[in-house]
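In the numbering used here, the protein residues as written are 181 to 775.
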């Protein structure tokens with residue numbers, strides 16, 4: 181396999197056609213809008229509605245070409261974060277896209293609000309079967325929709341009332357630097373993100389000095405963050421009130437096509453199992469010979485794996501694992517690599533971390549990595565390729581209107597693939613390396629499940645308290661934050677001075693109530709893994725699920741697989757696996773004489 185290591189954007193995007201595509205898109209939107217504004221027979225006749233939805237589907241599949249330009253500059257910005265010209269270009273295109281798209285707001289709004297008897301007729305019409313779930317969801321959500329003018333106003337104000345506030349805090353933090361020493365005693369000026377990486381240092385002085393500098397950055401910016409968070413909480417309260425949403429998290433559930441009772445059951449079940457996390461931190465403290473972990477020490481890794489995994493080695497391992505699961509999985513990642521859709525190595529100005537990006541069904545998937553030859557990089561690669569495989573399977577099976585992964589299941593494919601690669605790594609590990617890997621796995625799973633549910637509960641309380649008082653001081657926010665973090669961490673993690681401000685940099689709380697999806701995704705992934713371990717042929721059921729997109733609600737998709745996500749027992753099965761993993765890790769630590 182040819183292992184290309186950089187995105188080849190020029191292969192996938194023709195910049196010379198961007199202006200032409202923009203004008204074409206404007207014309208297509210204008211023609212569509214004028215046709216159905218002047219002729220509302222699509223609201224009365226199933227045959228005409230099908231013609232209209234077919235045109236909408238074609239538009240989203242082939243003609244939403246502004247997305248090529250938008251996607252291109254989004255990707256360029258990730259490769260060159262300091263380039264203000266690229267950022268400006270992206271913002272201009274995004275604003276243009278919103279303004280043009282607003283012309284079509286009337287179409288789904290008018291359709292959603294047709295009389296009940298006409299809704300039933302459309303839902304029962306065989307010619308509209310392809311669009312059944314699209315229509316069903318539209319009709320169910322009609323009660324939350326406003327008038328066309330009001331919807332357009334909300335779209336236009338989203339930048340000034342939300343996006344610009346959030347990006348302001350992100351920019352302020354990204355500009356901060358502090359001098360600290362590393363393990364070799366060398367002093368260096370570090371960004372706040374670089375300081376975060378030092379919290380994993382084996383040298384306590386390095387960790388503590390980094391934490392002091394990091395807390396200083398948060399303290400400097402907490403007053404601005406207080407105003408920012410109150411502004412976006414106010415904006416959300418106004419939006420929810422206008423739409424008649426009764427709970428702060430209800431908009432998320434509506435958007436994700438998941439029942440509130442399912443999320444409530446998940447939260448309560450995870451909360452009832454917070455003792456797993458408390459025992460894990462007790463074990464970690466013992467392994468590290470610490471009485472307690474300070475707040476910033478939660479992410480310290482036990483032990484160190486010296487073995488290096490080059491990019492080539494990592495690709496080979498992931499490819500082999502995926503091929504053993506299903507031949508098509510291997511073919512998909514081979515295509516990503518050979519077609520310049522993977523950007524592998526860290527570079528100055530490039531975004532940190534890793535992600536898998538996609539927009540339209542007709543556009544390629546792109547994967548960003550920052551491979552540093554560590555074992556963690558192998559798992560990260562598997563995780564992001566999992567997302568990519570999910571995208572490609574949806575493309576084959578679903579129309580553009582269903583080319584989307586519900587948030588509640590977005591992390592299933594990624595954690596499914598990552599876990600199978602971790603199992604391969606465990607096979608070749610000795611007991612000491614195995615203990616390190618098991619501790620890392622526990623840390624990742626607890627971070628995805630218990631930590632995110634504690635964050636969700638923090639968000640719930642944050643919104644509720646804001647709606648009671650009208651403004652939350654930084655002190656009050658800090659109290660709510662520490663209360664919820666302490667609830668899942670237990671007695672072996674200190675809520676150290678300064679930790680009351682750690683909400684400042686936690687971007688997830690600005691993507692309101694998004695975090696439940698990490699927990700649901702991982703626990704559902706475990707159910708998928710169990711199916712395949714019982715019978716490898718069940719990989720076809722997994723592929724069927726991954727290809728489903730948003731064609732049905734997550735609850736209904738799982739019901740077809742014999743899985744009922746409304747039951748507490750389902751979530752408890754996944755949590756029991758984490759509990760069993762903790763027990764296995766404790767027993768191995770005792771066997772090695774570590775505790």
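Ideal Cβ positions, reconstructed from N, Cα and C, are used throughout, including at glycine. These numbers were taken from a predicted model, which means no experiment stands behind them.
Smallest Cα separation from residue i: which of the options?
i	options	result
residue 560	254, 509, 489, 626	489
residue 660	452, 682, 335	682
residue 603	544, 220, 555, 644	555
residue 387	579, 378, 395, 393	378
residue 368	353, 352, 558, 393	393
residue 500	444, 483, 300, 558	558
residue 354	531, 524, 679	531
residue 794	414, 432, 356, 299	The structure shown does not extend to residue 794, since the chain is modelled only from 181 through 775, so no value can be given for it.
residue 646	406, 301, 183, 399	406
residue 251	543, 324, 726	543
residue 703	375, 752, 269	752
residue 311	349, 352, 297, 231	231
residue 216	408, 525, 290	290
residue 684	732, 425, 578, 345	345
residue 424	744, 322, 630	322
residue 746	370, 272, 448, 442	442
residue 459	663, 471, 281, 670	670
residue 592	566, 579, 287	566
residue 771	610, 282, 627, 626	610
residue 331	284, 409, 348, 689	284
residue 608	512, 767, 675, 497	497
residue 547	512, 581, 575, 553	512
residue 374	365, 385, 391	391
residue 688	658, 716, 636, 675	636
Looking at residue i: is its Cβ nearer than 9 Å to the Cβ of residue j?
i	j	result
residue 638	residue 429	no
residue 502	residue 569	yes
residue 189	residue 255	yes
residue 223	residue 456	no
residue 707	residue 665	no
residue 336	residue 279	yes
residue 551	residue 594	no
residue 529	residue 248	no
residue 600	residue 514	no
residue 481	residue 470	no
residue 578	residue 728	yes
residue 275	residue 339	yes
Which partner residues does residue i have in the DSSP bridge list?
i	result
residue 359	369
residue 673	473
residue 523	548
How would you write the range of the alpha helix (DSSP H) that residue i sits in, first residue to last?
i	result
residue 534	Element bounds for residue 534: n/a, residue is neither H nor E.
residue 743	Residue 743 -> no alpha helix (DSSP H), and no H or E assigned at all.
residue 443	440 to 451
residue 682	It is not in any alpha helix (DSSP H) - residue 682 carries neither H nor E in the DSSP assignment.
residue 602	592 to 607
residue 616	611 to 626
residue 640	632 to 649
residue 702	696 to 714
residue 586	That residue, residue 586, is in no alpha helix (DSSP H); it is neither H nor E in DSSP.
residue 435	430 to 436
residue 553	It is not in any alpha helix (DSSP H) - residue 553 carries neither H nor E in the DSSP assignment.
residue 775	Counting along the chain, residue 775 falls outside any alpha helix (DSSP H), and DSSP gives it neither H nor E.
residue 242	Counting along the chain, residue 242 falls outside any alpha helix (DSSP H), and DSSP gives it neither H nor E.
residue 787	Any property of residue 787 remains undetermined from this structure, which presents the chain solely from 181 to 775.
residue 205	198 to 218
residue 629	No alpha helix (DSSP H) holds residue 629; DSSP gives it neither H nor E.
residue 457	454 to 467
Among the residues of its own chain, which have a CB less than 8 Å from the CB of residue i, if the five just before and after it don't count?
i	result
residue 765	463, 615, 618, 619, 622
residue 334	326, 419, 422
residue 266	253, 256, 257, 260
Give every residue of the same chain whose Cβ lies closer than 7 Å to the Cβ of residue i, excluding the five residues on either side of it in the sequence, and list them in chain order.
i	result
residue 389	360, 361
residue 586	436, 437, 438, 730, 734
residue 778	It is not possible to answer for residue 778, since the shown part of the chain is limited to 181 through 775.
residue 485	555, 613, 616
residue 383	363
residue 446	696, 699, 700, 751
residue 150	Since the displayed the chain opens at 181 and closes at 775, residue 150 lies outside it and no answer follows.
residue 303	312, 315, 316
Suppose the cutoff is 6 Å on Cβ atoms and the five residues either side in sequence are ignored; what does the same chain contact list for residue i look like?
i	result
residue 801	Here the chain covers residues 181 to 775 and nothing more, so residue 801 does not appear.
residue 299	319
residue 524	185, 491, 549, 551
May I ask you to check if the CB of residue i is nearer than 8 Å to at least one heavy atom of the ligand NAP?
i	result
residue 719	Within the structure as shown, the ligand NAP is missing, as the structure has no ligands at all.
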